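>
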Amino acid sequence: MNLYRVPPTANFQIPNCALITPDGTFVYISFSQIVCLKTTENGDINTFVMEIGPRVQAIDCDLDFSRTKYLACSLEDKHIYIFDLDKKIPVYGHSAHVEKSKQSKDRDRDFLDPLPICFTLNKKVVSASRNRCVIYCVASNTYKVNTEIGKKHIFTVLKASPYDANLIGAGTKDGLIIIMSIKNMTVIHTMRGHDSEIRSLDWMKTSQVPAEEEDLFDMYTSNDPETEFGVITEKRNDANFESEVPTCTNTIHEVIENMNEEGFDFAEACQALKQDMLVTKENVTETNFDFKEVETGKKAHTDSFSDTSEAPSREDDFKSVENGVINEVPDNLVEDDDLILLLSSASEPKFWVWDAQKGCALDKIQVSSGNYHKQNSKNWYFSAKWLNPFTIITNDQQGAVVLWDIEYRGEGKLSIHKSKSEYSLKLIMHLTVDLSTEHVWAISLHSTILNLDLQSEKNPIKEYSTLNSRINQFSINPIDPNVIAIACNKRISLLNVSKLNENFVFMDGMANQVHSQVLTVAWHPEKENLLGFSTREGRIGIFDTTKLQNCPTIMKPFFSKDVYSVTWAKFTTKVSEEPTWHLFCCGFAGQASHLVYYPQNGNGKFVPTQVKHFQNVTSTLASQEYLAIGCFDGTVHLADLSDVTLAPFYSQKLGSKLISGFCFSTNKLAVASFDHDITILHIESKENITFQKFKGHKSGVTSVNWSLKNPELLVSTSSDCTVRIWNINDTNNSAEEKLATFERDTFAAIFYPTNDNLVIVGGANFMMTIFNYKETSIDLSRQSNKNAAKPLMASIDEANVVKKAKKEKKKNLLVQKRLERSLKDQENSINRTEEEVINGIKEIHLDEIPKSDQNDLGEQSGVSSFVQENTKDLSIAKSDKNKKDSSIQFNYSSIFFLTPRELNRDPIAMLKNLVESKEEDEKKWHLRHEKLFSLEQNVVKSLLNEEYSHQIASNAQSVGLLTLPMLTMDIKSVILEKISQKTLTEEYIAVAPFISHTFWRNTCLAFAHQCVEQGLVLKAISYFLCCYDVNDAISVLCQSNNYTEAMAIAKMRKSENDPIFKDIVQKWTKYLDYCGNFEGAAIVWMALGDNKSALEVLKKRSNPDEDLMKIIDKLKDLNGEAST
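For what it's worth, this note's numbering labels the leading residue of the sequence shown as 1, then goes sequentially.
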């Protein structure tokens, strides 16, 4: 086991918190994570967890996984994400609900409202919040918004019909069920049966069952479809038509008229009428009428074909979305004789079955009241699912699983009664059914996930444990080290590592009378069944883990808030008495934190006594002889437990911040401090105590723990999200190189009781992790996860597409007119007359050009080329405008733009102006060519800076960008700016030696790292080698899986005994091993001369052939092992 993460606890408080995908994967919500459990062919469970960030409010999956496996989820921040379960990253999504919440006057209320979501048959995602329903098309990545449907309701559940792409079932917070059509955004039916929040909806389709024939003939029943009301038939005009139709001798009207006559017998008249109708019915069915088919403009539909090859395939009806083209998908899969049922559950012990086509209730399931009370209904979660058209599975108020049988009576009528099948499942909060295999996945209140196989008689129930993602402390049982107590949020879990499975972990839990976050746990040193605990609300108790009811013994309250630590110590308050066990605790009470102890025997049993020698205590721990106390100011005290006064015999201030934890090991005490340091106190005697400090963490240390096997190894956790392994014999007082980085702060870590190479880690809102620190390098930080995920694609509101297009067209027309007007003004300015120049009209400067046109000037040498360049299609120009080519072009005729224009405009006029100018005006340098011929260097430099600024403003890429800074001696600042913007090019590297050789090397390194970020790894290698940075070159190649190049560079630039060869081989073989290329990994190991590692790799190959077995036997002989 190199890495294993315990699945987090499911958030069953959310309606429809779990589902089963079409490929059989069980998916559930765990606060800010989505967990996927996949059962393999051999019965094992493969687990994958997707870290989302914000809390997840609802999930639903695509109904068709044949091409893509999409999972939609809504988040607490009102974003909608579409995940690809194969890639395990978000690929699509929208923020339509976020935009609405920003505009709302009551944003806090909107963010607290639920945001249900569902996937329709035609791959559309429907989500609904307060007064806003959004229909998002995954294929086109666009959405539509409707603000009218369900305007006065808060939706809690959405469930799309798997038979009709336009039909959606919705449940509200007040118990109303709405069936709506998303095609025209209308409400079809509203159904009232529940009085509390709707928890789940489930669809089912079944065929209508005909009614049994009764003794009496029903006058309103007719099997002739052409006599049904509303069917159009052609009128017969021939005279023989009436004679062909048999008629009744008596009619209903005649019977009514004869009722007033004397001697009328009503029963006899009805009997006669019945006989006449029976005879008429038989004659009608035997008569052959020649009715013609009425054309209605639509082709008649038939379900019968003479040859099965002529029948249309249903697969042809389903179209895919390929190359951005949306093909048609059938909107309705319902036949004429189908009955569509909708099953609903709420926060009450009753379930309703509805006719979704008529919008009426068919029957109600009332769970027996038992111990159910109305005031507890909001604290219990009921769930109901279809197992098949004839069976419903639910949970009751005790959390037991109940099956219900359905009997159809025809004409949409049915009856429901409880099945005799029973399953020993308790405290079930949510049910999900796999209709293809009849597997039931259930979420239990005991933080377990149950898999029930209804078709299996032997061992039908499989149980898998989960764990809360908030872990504050681990505690190993001193009598049975295989049992580990875990302090979680509102729960204590017991992990037995001897029962640990490679794929899943099994744990027991205790939560009775805990009620808040458990901060610390401590096992009794002599009684293995007693476990002390403390909570964030100041509660202190003792659990007996052997009692079935798991009810703790609660100590008399002393603390009002957090209880930081608890520990067991043998202590006596009187010299004449034998020491007994006391429970020492420290926590916050009143205005300060104190140390108290609870006697476990005598008159003061379970009553706190304060130890007044110590104030502001933050941590305490007892060994057989001593009691360690840590304080807020960084002071550590040691007291002798044989001293009835508990006066400290040793006090030492180890830092300026609080002491967060202790751990004893024989004569050593490890101290964790928020000063980022770890201190080891060596206690030889009371008079001889020395200490050494270990530095490495970048934030406060939260816990320390010794190894049970190796007393020299120490593991520590910190608020810097890392776990470090220390060897106290290390003279450098630093952590080992291998450490693990997690998503959030780490609070607790211990060595595996039976293997020092394994470490168990827990912390703030991330999954408990077991990893091999010798073989696995872990980086689960938020930054690494963020870089691994692809960016979410933005969506477009379909309703605004046309409006935006018109607005964009109008804007382009205005821009075109403005450009034409500006171009005309520029041409007139360039062609100014000689009289205007002589009269002193100032020359055109860059500042005179409108700002809106500066970016469009480019580097054109004349007006004609400028006009030609700017009269292109504006949409193309706009898209190309944002594309910046960082490479410099060397085919420009000059590095100057404005000065040559001045000289070539009208030289005669310029000469005349110079001749007639006065001497005192000679140094004003009005014209650019005057600055160029000036004798003052700063004037020329200002001209060069002006030319460089112009080229930057016009987004030019001429050689002037390189030459002008060289002339002004500003090339160093330009290169540094390019490095900071990551737009460095090879031209700037070529001129970098102009500054210095060191500057050139640093520039090469910066360009190499820039190439690595751009994915140009092989290009970056040359620049690493130029700077003799061989290690970085090899490291970059290994990270990009270019191990052949890395080995070649190491062979040419490194000595034979350099350890980097082993590092390359280890990474290379690990990569090959991960890809399943065991033979390739063995070749690499043997090339390095490590036959033992090559043998271990080849042993991983399942079902090796005869040749491979011979090679394995040969390697065993070389390693001195027995051959098979």
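In this text, a Cβ means the ideal position worked out from N, Cα and C, and glycines have one as well.
None of the values given here were measured: they were computed from a predicted structure.
For residue 530 and chain C, any beta-carbon pair shorter than 8 angstroms?
Checking the listed chains, one finds no chain C in this structure; it contains a single protein chain.
> Using the Cα positions of residue 547 and residue 530, report the straight-line distance between them to the nearest angstrom.
Stepping through the sequence shown from its first residue, residue 547 is reached at position 547. Stepping through the sequence shown from its first residue, residue 530 is reached at position 530. If you take the alpha carbons of residue 547 and residue 530, they lie about 10 angstroms apart.
> Beta-carbon within less than 8 angstroms of residue 1126's beta-carbon, same chain only, minus the 5 sequence neighbours each way: which residues are those?
Here the chain covers residues 1 to 1124 and nothing more, so residue 1126 does not appear.
> In terms of residues, what are the limits of the alpha helix (DSSP H) holding residue 1092?
The count along the sequence shown starts at 1 and reaches residue 1092 at position 1092. Counting along the chain, the alpha helix (DSSP H) containing residue 1092 begins and ends at 1091-1098.
> Between the Cα of residue 609 and the Cα atoms of 421, 597, 22, 2, which residue gives the shortest distance?
On the sequence shown, residue 609 is found 609 positions in, with the first residue counted as 1. Residue 597 is the option with its Cα nearest to residue 609.
> If we ignore side chains and look at the alpha-carbon of each, how far apart do residue 132 and residue 778 end up?
Here residue 132 is taken as the residue at index 132 of the sequence shown, counted from 1. Here residue 778 is taken as the residue at index 778 of the sequence shown, counted from 1. Taking the straight line joining both Cα atoms gives about 43 angstroms.
> Suppose contacts are defined by Cβ-Cβ distances below 8 angstroms. Is residue 477 in contact with residue 523 by that definition?
The residue labelled residue 477 in the question sits at position 477 within the sequence shown. The residue labelled residue 523 in the question sits at position 523 within the sequence shown. Yes, the pair counts as a contact, with Cβ atoms nearer than the cut-off.
> Going along the chain, which residues of its own chain have a beta-carbon closer than 6 angstroms to the beta-carbon of residue 23, five neighbours each way excluded?
Numbered from 1 along the sequence shown, position 23 holds the residue referred to as residue 23. Answer for residue 23: 65, listed in chain order.
> Within a Cβ cutoff of 8 angstroms, which residues of the same chain sit near residue 1125, ignoring the five residues on either side of it in sequence?
Absent from the model: residue 1125. The displayed extent of the chain is 1 to 1124, so no value can be given.
> Would residue 759 and residue 749 qualify as a contact pair, given that the criterion is a beta-carbon distance under 8 angstroms?
Along the sequence shown, read from residue 1 onward, the residue named residue 759 stands at position 759. Along the sequence shown, read from residue 1 onward, the residue named residue 749 stands at position 749. Yes, the pair counts as a contact, with Cβ atoms nearer than the cut-off.
> Do you know offhand how far residue 992's Cα is from residue 1033's?
To locate residue 992, count along the sequence shown from 1; it is residue 992. To locate residue 1033, count along the sequence shown from 1; it is residue 1033. Whole-angstrom Cα-Cα distance: 21 angstroms.
> Note the first and the last residue of the continuous beta strand (DSSP E) segment covering residue 740.
In the sequence shown, counting from the first residue as 1, residue 740 sits at position 740. 739-741 is the span of the beta strand (DSSP E), which, as asked, contains residue 740.
> Could you check the C-alpha separation between residue 461 and residue 473 for me, to the nearest Å?
Here residue 461 refers to the residue found at position 461 of the sequence shown. Here residue 473 refers to the residue found at position 473 of the sequence shown. Distance between the alpha carbons of residue 461 and residue 473: 31 angstroms.
> Counting only the same chain and skipping the five closest in sequence on each side, list residues whose C-beta sits under 8 angstroms from that of residue 1012.
Taking the sequence shown and counting its residues from 1, one reaches residue 1012 at position 1012. Around residue 1012: 1020, 1036.
> Could you name the residues that DSSP lists as bridge partners for residue 724?
Start at 1 with the first residue of the sequence shown, and residue 724 comes out as number 724. In the DSSP output, where bridge partners are listed per residue, residue 724 has 716, 739.
> Return the chain-ordered list of same chain residues with a C-beta closer than 8 angstroms to the C-beta of residue 482, the five sequence neighbours on each side being excluded.
In the sequence shown, residue 482 corresponds to position 482, counting from 1. Cβ neighbours of residue 482 beyond the five flanking positions: 496, 497, 498, 753, 754.
> Report yes or no: do three or more beta-carbon pairs, one from the region 21-39 and one from the region 177-185, lie closer than 8 angstroms?
No: the two stretches stay apart, fewer than three of their Cβ pairs being nearer than 8 angstroms.
> How would you call residue 417, buried or exposed, if buried means at least 16 neighbouring beta carbons within 10 angstroms?
If you number the sequence shown from 1, residue 417 lands on position 417. By the neighbour-count rule (16 or more Cβ atoms within 10 Å), residue 417 is not buried but exposed.
> Looking only at C-alpha atoms, which of 143, 652, 200, 432 sits nearest to residue 633?
Stepping through the sequence shown from its first residue, residue 633 is reached at position 633. Comparing Cα positions, the closest option is 652.
> How many whole angstroms separate the CB atoms of residue 564 and residue 519, which I take to be in contact at a CB cut-off of 8 angstroms?
In the sequence shown, residue 564 corresponds to position 564, counting from 1. In the sequence shown, residue 519 corresponds to position 519, counting from 1. About 7 angstroms; that satisfies the 8 angstroms criterion.
> Is the beta carbon of residue 584 less than 8 angstroms from the beta carbon of residue 628?
In the sequence shown, residue 584 corresponds to position 584, counting from 1. In the sequence shown, residue 628 corresponds to position 628, counting from 1. Against a cut-off of 8 angstroms, the Cβ pair of residue 628 and residue 584 comes out as no contact.
> Please list the terminal residues of the continuous beta strand (DSSP E) segment that includes residue 1088.
Along the sequence shown, read from residue 1 onward, the residue named residue 1088 stands at position 1088. Where residue 1088 is concerned, there is no enclosing beta strand (DSSP E), given that its DSSP letter is neither H nor E.
> Using the Cα positions of residue 690 and residue 722, report the straight-line distance between them to the nearest angstrom.
The residue you call residue 690 lines up with position 690 of the sequence shown. The residue you call residue 722 lines up with position 722 of the sequence shown. Residue 690 and residue 722: Cα-Cα distance of roughly 28 angstroms.
> Helix, strand or coil for residue 7, going by three-state DSSP, please let me know.
In the sequence shown, counting from the first residue as 1, residue 7 sits at position 7. In this structure, residue 7 counts as coil in the three-state DSSP scheme.
> Return yes when at least one heavy atom of the ligand MN lies under 7 angstroms from the C-beta of residue 983, else no.
With respect to the ligand MN, the structure shown offers nothing to examine, as it has no ligands at all.
> What does the alpha-carbon distance come out to for the pair residue 870 and residue 815?
Counting from 1 along the sequence shown, the entry for residue 870 is found at position 870. Counting from 1 along the sequence shown, the entry for residue 815 is found at position 815. Caution applies to residue 870, whose pLDDT of 39 falls short of 50 and renders its modelled position unreliable; the value that the coordinates give is listed next. For residue 870 and residue 815, the distance between alpha carbons rounds to 11 angstroms.
> What is the DSSP secondary structure of residue 1028, counted as helix, strand or coil?
Here residue 1028 is taken as the residue at index 1028 of the sequence shown, counted from 1. Correct three-state label for residue 1028: coil.
> Report the residue from 569, 566, 557, 33 whose alpha carbon sits nearest the alpha carbon of residue 607.
As a first step, residue 607 must be located in the sequence shown, where it is residue number 607. The shortest Cα separation from residue 607 among 569, 566, 557, 33 belongs to 557.
> With H, G and I counted as helix, E and B as strand and the rest as coil, what does DSSP make of residue 1117?
In the sequence shown, residue 1117 corresponds to position 1117, counting from 1. Three-state result, residue 1117: helix.
> Name the DSSP beta bridge partners of residue 649, please?
If you number the sequence shown from 1, residue 649 lands on position 649. Partner(s): none; residue 649 has no beta bridge.
> Quick check: what's the CA-CA separation for residue 757 versus residue 712?
Residue numbering aside, residue 757 sits at position 757 when the sequence shown is read from its first letter. Residue numbering aside, residue 712 sits at position 712 when the sequence shown is read from its first letter. Near 13 angstroms, if we compare the C-alpha coordinates of residue 712 and residue 757.
> When the Cα atoms are used, what is the spatial distance from residue 786 to residue 87?
If you number the sequence shown from 1, residue 786 lands on position 786. If you number the sequence shown from 1, residue 87 lands on position 87. Unreliable placement is indicated for residue 786, whose pLDDT of 49 sits below 50; the coordinate value is still reported in the next sentence. Residue 786 and residue 87: Cα-Cα distance of roughly 15 angstroms.
> Quick check: residue 195 and residue 171, are their CB atoms within less than 8 angstroms of each other?
Mapped onto the sequence shown, residue 195 falls at position 195. Mapped onto the sequence shown, residue 171 falls at position 171. Taking 8 angstroms as the Cβ cut-off, residue 195 and residue 171 do not qualify as a contacting pair.
> Looking at the secondary structure, which residues open and close the alpha helix (DSSP H) in which residue 1049 lies?
Stepping through the sequence shown from its first residue, residue 1049 is reached at position 1049. Unbroken alpha helix (DSSP H) run through residue 1049: 1043-1053.
> DSSP puts residue 137 in a beta bridge; with which residues?
Stepping through the sequence shown from its first residue, residue 137 is reached at position 137. Beta-bridge pairing links residue 137 to 124, 142.
> How many angstroms separate the CA atom of residue 741 from the CA atom of residue 192?
Residue numbering aside, residue 741 sits at position 741 when the sequence shown is read from its first letter. Residue numbering aside, residue 192 sits at position 192 when the sequence shown is read from its first letter. Near 53 angstroms, if we compare the C-alpha coordinates of residue 192 and residue 741.
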